[in-house]
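In my numbering, the protein residues as written are -13 to 984. Cβ coordinates follow ideal geometry from the N, Cα and C atoms, glycine included. Heads up, the thing below is written out as C-alpha cells.
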C-alpha cells in the first residue's frame, strides 16, 4: 500500500466488510482519550518513522480523541507554542458550495495539512482476537498497529474497521490523517471543514462464535395488526424476544400480533440475538413503508414529515458530539413538535439513531455524498457520472446501509445531496432494491427522478407548492443552485429526461426536502407552508433548513466572547454567514422561530370560537395520553381555570366541546384571554407531565378604560414662545416634536421607514436582495423636513416630508395631536410620493420595511409591559407561535441575541404598552393595534454592528411604535417575501394615544 493513496478514487484498502452497528456483550476497549499529535504541512506527515513502536513523541502535542484538531490547541506549522488557530487557514474553514482546494479531481494540493496521531495502550492477556473500529475520521486516514500497516480509508462520516493483531500488554496505534484527499470531492456538504479523528475509536473483542453481522426484518400488516419477524445473521444464532414469546433460530420467520413502531408511538420490542461467542441486543420496531397510488404511507396511513435538517454541531467540539448533546437535540425537537430528521448530509453518529428509535423520530438517512462544487465547471467531471468513482460511491452507500439497516426509525434512504445526476445513482438504487426493499429511496437533484421514489424540490414558492399538491405543477424547468426552477407553465423537458420519466414523476409523492431557510431572524411564513402541506395527500411534509447555527465559540483580542463564522476567517473561498441558519443558536438556545415552527407542526389542532373544536392529526396515536385544560387570564392575572372533558379521539377524528360557563363568564373582564391547551397526562421520555403540545386562544374584545377618559379640558391647547402645549404634552413649536409628556422627557416622533436588514432581507446574492435596494436608494439615511407646525383649534398639526438624499421618492406626512383625557392622541397620515416602483434610475422596486414612529426616551427606561403577542419577538408572518396576553420584560431581555446584529425584538398586535424605569414617569401607549420595538441603539447602529459586542448602550432608549413592519420571509435561500406580508405603499392613517399615568 504505497503511492499517493490520498488521491486515489478508491475508497480504501485493508478494511473489513461493513456490518451492522450493534450493542453486544463482547468486550470493548475504548481508545478515546488523550493521544499524541503533530501537524505537518504536506501529506508526507512527520515522516516514515512515526509509526514505529519506540518512536519518541514526548515533545508532541496532547490531542483529545475524538476531536477536530482545528478546534484544539496544537503547534502551528510555523512553530511556536501550542494554541488554537481560529480565524486562520490552519483553523476551521467554512464554504457553502465552493471547494477549498483546486477543482482538479482526484488531486489535491501539495499544501495538505496532515495530522500524525499516536496512542500507546494496554490490552489484557485474555482479550483475544480483535477488530479496530474508527467511527469517523475526516478526511482520509492511514493506520498502523505496532508498526504494521493495516490500511487506509476515506468517507469521513462512516465507520471503517481493520482486523487488529493486538498483543497482550503494550500496543502502539499510529494514524495519519490528511485534511484534503480525493474523498474531499465527495464531501462538499455546506459545513465547516473539520479534519481529525472526531468520532470514537474502539478495540472490539471478536471471540470464536461471535456475530459479525445481522439484519432484522420486521414487517407490519396494518389490516391484521400482525408483525412478521425474521433475523438473518452471519452465523447460526437464536432470536429471543420475551415480550412476544419468540425464541427461534436465525433465518426463521414468525408472525405475531404487535403494536407498530411510529414516531408518535415508538414501540420497541427488546430482545437478544444469541450465539456461542456473543449476544447482541435487539430493539425491534415493526412497520411497513410503502408508496400507494402516489402517496407515501407508513403502517397503512399517509405520513407527513414535520421535520428539520440536522447537521451535527457543537460550538466547542464541532461534529464531535457526546450522547448528552444528542439527547438534548432530540428532546428539544420532540418538544417543538418536530417528528422527523433528515441527516444532512451524512449518517450521524450511530448513537443518535438508537435514540431516534427510542424517543421516536422518523429518519431520512442521507449517504455521505455531495459534489455541489462541481457546479463551478458545469458538472463536467461530476464523480457520480464517472466510472472511476463508482467504487468509492458504492462503498459509501454500502457502509451507510449496512451500519444502519436495523433501525426502525429510518424509513427513507437518501442517495446524496446536490450532486446532479449520473449512472452512479442508478447503480445505488439498483443495489438498494436488492439489499433493502423495505424502505423507499430519495434523490432530489436529478431532474428525471428515475432513481427516486419521490418528486422533490428545495425552497419552492407557496404557489408552486400548491400546484404540486394538485399535481398541476409546470413541466420542464431548469436546474439552479438549489434545484429546479420554472419560468413558465410549459417548458421543454430538461436534457436527458424522457416523456415517460416525466409522466412517472407526476405520479410520485412530493417531499419538501429543504424549505424555510432559518438564517438569522426567521424564517417567516411557516404557517402558510403548513396550510398547503396539510391540504394534499401528495405532499408528505418537509424539512426546515436547518436545526442549528454552526457557529464556533471564540474570543476576540479584547477578551470578548463571540461566535466565529466564515467572515471572521482570513481565507478564501468563504461561505459567508450561511453557517448561521438554524432554528436554535449555536449553544442550542432556541430562536423565536422554534416556537413558531412548533405551532405550525401541531398535530392536535385546536380551534376556540363559540365552541372548542379539536382534531387529532397524529399519524398513529389517539389522544388517551393527553389532558385538555382551559384557563382565563384577565388584567394580567389568572381568574379561572379547569379541565376540559374531551373524549378519547382516534387518529383522523375530531370532536366539538362547549366552552365551560365559568370560562365564558371570565371572558368579560379587562384584557381577558381564554386559552385551551393539550398537555401530556403523564411524564414521557422527552417531557414532563403537563407539558403543552398544542394550544389555542380566544381573545375578548377590549374593555374601554373609562377612568382615564376625562374629556378635553378647556384651554388644553396653548402656545408659550417656543413651546406649544396640548393637554399634558409640550411640543417644540419649530419642529412639532414632542419634548415632554407630563413629567416624562421625550423626543419625537420621527417618521421611520427603515429597519436594520435581516439576513433574509439580504437575499441570496443579487436575488431578492432588498437591503441592497434600500442602500442604493438611500432608505437607510432618511432626512426629515418640517413644512408647517400650527394650531387648529385644540389640535396641533405638523406637516412635512421624509426622504433620502439624491432620489425623488419619499413620504409626505401629517401628525395631528389632540388632548385626550390624561394624555394626547396622535393621528398620523402618510402618503408615498415619487417613484417607489420602477424608478427612473435602474428601474428599482423599493419595498418599505416599516411605516411607523420613532421616539427617544431617557436611558433610565429599562422595562416594558404590554398586552399583545409575546413574550418573544413576532412579525406579521411569524406570529402564530406567540400567545396573546400581558407580558413584562426588561428592555435588554427583549433583544434577540442573533450572532449577526439585525432587526429583532418586534412585537405585533399590541393593544397597549408601558415603558418605565427608576425615577422616570411611565409612558403608556395604546390605540389601534400596533407593532413596537424598544432598544438602546438605533436601527442604523444595529445595522452597523458586526457583532453583538459592538452594540453599546447610549444616553437614550429608542422606541418604535409602528403601524406595520414587513414580514421576515426566508429569501436568504428561497422565494421572495409574499405580497401580503409587505408594507403597502399607499395612503396610510393610524392613531395612537400617549399618556403618563400616575
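For residue 976, I'd like the list of residues in its chain whose CB is within less than 8 Å of its CB, leaving aside the five on either flank, ordered along the chain. Taking the first residue of the chain shown as position 1, residue 976 is located at position 990. Only 813, 814, 913, 914, 916, 949 meet the Cβ criterion.
In chain order, each beta strand (DSSP E) run of at least 3 residues that lies wholly inside the stretch 356 to 415: 396 to 400
Please go through the same chain and pick out, in chain order, the residues whose beta-carbon is closer than 8 Å to the beta-carbon of residue 95, but skip the five residues on each side of it. For the purposes of this step, residue 95 is taken as the residue at position 109 of the chain shown. Around residue 95: 87, 88, 166.
Enumerate in chain order the residues of its own chain whose CB-to-CB distance from residue 542 is below 7 Å, with the five nearest sequence positions on each side excluded. Walking along the chain shown from the start, residue 542 turns up at place 556. Excluding residues within five positions, the ones whose Cβ falls inside 7 Å are 548.
Based on the DSSP secondary-structure assignment, which residues constitute the bridge partners of residue 116? Residue numbering aside, residue 116 sits at position 130 when the chain shown is read from its first letter. Paired residue(s): 191.
Answer yes if the stretch 333 to 343 comes into contact with the stretch 302 to 312, meaning at least three C-beta pairs across the two stretches below 8 Å, and no otherwise. yes
Sheet register partners of residue 457 (DSSP bridge): Taking the chain shown and counting its residues from 1, the one referred to as residue 457 is at position 471. DSSP, once it has assigned bridges, lists no residue as partnering residue 457.
How is residue 1042 classed by DSSP in three states: helix, strand or coil? Here the chain comprises residues numbered -13 to 984, so residue 1042 is not present and cannot be evaluated.
Taking its Cβ as the centre, do 16 or more other Cβ atoms sit within 10 Å of residue 839, making it buried, or is it exposed? The residue you call residue 839 lines up with position 853 of the chain shown. Buried: at least 16 other Cβ atoms inside 10 Å.
Whole angstroms is fine: what's the gap from residue 122's alpha carbon to residue 2's? Position 136 of the chain shown, counted from the start, is the residue given in the question as residue 122. Position 16 of the chain shown, counted from the start, is the residue given in the question as residue 2. Answer to the nearest angstrom: the Cα atoms are 15 Å apart.
Can you name the residues that DSSP bridges to residue 854? For this step, residue 854 is matched to residue 868 along the chain shown. According to DSSP, which records beta bridges pairwise, residue 854 is partnered with 871.
Unbroken beta strand (DSSP E) run spanning residue 600, endpoints: Here residue 600 corresponds to residue number 614 of the chain shown, with the count starting at 1. 597 to 602 is the extent of the beta strand (DSSP E) around residue 600.
Can you find the residues in the same chain that come closer than 8 Å, C-beta to C-beta, to residue 878, ignoring five residues on each side of it along the sequence? Counting from one through the chain shown, the residue named residue 878 turns up at place 892. Cβ neighbours of residue 878 beyond the five flanking positions: 848, 922.
With a 10 Å radius around its C-beta and 16 neighbouring C-beta atoms as the bar for buried, classify residue 124 as buried or exposed. Taking the first residue of the chain shown as 1, we reach residue 124 at position 138. That one is buried.
Run the CB neighbour count on residue 973, radius 10 Å, all protein chains shown included, and call it buried at 16 or more, exposed below. As a working mapping, residue 973 is identified with position 987 in the chain shown. The residue is exposed, with fewer than 16 neighbouring Cβ atoms inside 10 Å.
Rank 190, 183, 223 by C-alpha distance to the C-alpha of residue 202 and give the top, closest one. For the purposes of this step, residue 202 is taken as residue 216 along the chain shown, with counting starting at 1. The candidate whose alpha carbon is nearest that of residue 202 is 223.
Quick check: the Cα distance between residue 784 and residue 802, rounded to an integer number of angstroms? Taking the chain shown and counting its residues from 1, the one referred to as residue 784 is at position 798. Taking the chain shown and counting its residues from 1, the one referred to as residue 802 is at position 816. In a straight line, the C-alpha of residue 784 is about 7 Å away from that of residue 802.
Simplified DSSP assignment, three categories, for residue 957: Residue mapping note: residue 957 aligns to position 971 of the chain shown, counting from 1. It is helical.
Please state the DSSP three-state secondary structure of residue 592. Locating residue 592 in the chain shown gives position 606, counting from the first residue. If DSSP states are grouped into helix, strand and coil, residue 592 belongs with the strands.
Alpha carbons only, please: which of 581, 33, 155, 264 is nearest the one belonging to residue 858? Against the chain shown, residue 858 aligns to sequence position 872. The shortest C-alpha separation from residue 858 is found at 581.
Count the other CB atoms within 10 Å of the CB of residue 173; is the residue buried (16 or more) or exposed (fewer)? Sequence index remark: in the chain shown, residue 173 carries index 187 (1-based). By the neighbour-count rule (16 or more Cβ atoms within 10 Å), residue 173 is buried.
Can you give the Cα-Cα distance for residue 884 and residue 33, rounded to whole angstroms? Translated into positions along the chain shown, residue 884 becomes position 898. Translated into positions along the chain shown, residue 33 becomes position 47. For residue 884 and residue 33, the distance between alpha carbons rounds to 46 Å.
Assuming contact is defined by CB atoms lying nearer than 8 Å, are residue 871 and residue 659 in contact in what I supplied? Within the chain shown, the letter at position 885 stands for residue 871. Within the chain shown, the letter at position 673 stands for residue 659. Yes. Within cutoff.
Tell me whether residue -4 sits in a helix, a strand or coil according to DSSP, three-state version. On the chain shown, position 10 is the one that residue -4 refers to. Coil.
Counting pairs of beta carbons, one from the stretch 743 to 751 and one from the stretch 949 to 964, are three or more of them closer than 8 Å? yes
Looking only at its chain, what residues have a beta carbon closer than 6 Å to the beta carbon of residue 831, apart from the 5 residues adjacent to it on each side? As a first step, residue 831 is located in the chain shown; it is residue number 845 there, counting from the start. Same-chain partners within the cutoff: 823.
Using the beta-carbon count (16 or more within 10 Å), is residue 52 buried or exposed? Along the chain shown, one-based indexing puts residue 52 at 66. So residue 52 counts as buried.
For a minimum of 4 consecutive residues, which ranges assigned as the alpha helix (DSSP H) are wholly contained in the stretch 6 to 70? none
Helix, strand or coil for residue 761 per DSSP? The residue given as residue 761 occupies position 775 in the chain shown. Note: residue 761 maps to helix in three-state DSSP.
Rounded to whole angstroms, what's the CA-CA distance from residue 476 to residue 562? Just pull it up for me. Along the chain shown, one-based indexing puts residue 476 at 490. Along the chain shown, one-based indexing puts residue 562 at 576. Their backbone Cα atoms lie some 36 Å apart in a straight line.
Supposed close pair residue 435, residue 479 - CB separation, criterion 8 Å: By one-based count along the chain shown, residue 435 stands at place 449. By one-based count along the chain shown, residue 479 stands at place 493. Actually they do not touch by this definition, with Cβ atoms about 12 Å apart.
Going by Cα to Cα distance, which pick from 283, 673, 768 is closest to residue 788? Here residue 788 is taken as the residue at index 802 of the chain shown, counted from 1. Out of 283, 673, 768, 768 has the C-alpha closest to the C-alpha of residue 788.
In chain order, what residues of the same chain lie with their CB nearer than 7 Å to the CB of residue 35, ignoring the 5 residues before and after it? Residue numbering aside, residue 35 sits at position 49 when the chain shown is read from its first letter. Only 41 meet the Cβ criterion.
In the DSSP assignment, the beta strand (DSSP E) including residue 778 goes from what residue to what residue? As a position in the chain shown, residue 778 is number 792, starting the count at 1. Per DSSP, residue 778 belongs to the beta strand (DSSP E) from 768 to 778.
Can at least three beta-carbon pairs, one atom from the stretch 422 to 434 and one from the stretch 392 to 404, be found at a separation below 8 Å? yes
Indicate whether the contact test is met: 3 or more Cβ pairs, each with one atom in the stretch 791 to 808 and one in the stretch 707 to 722, closer than 8 Å. yes
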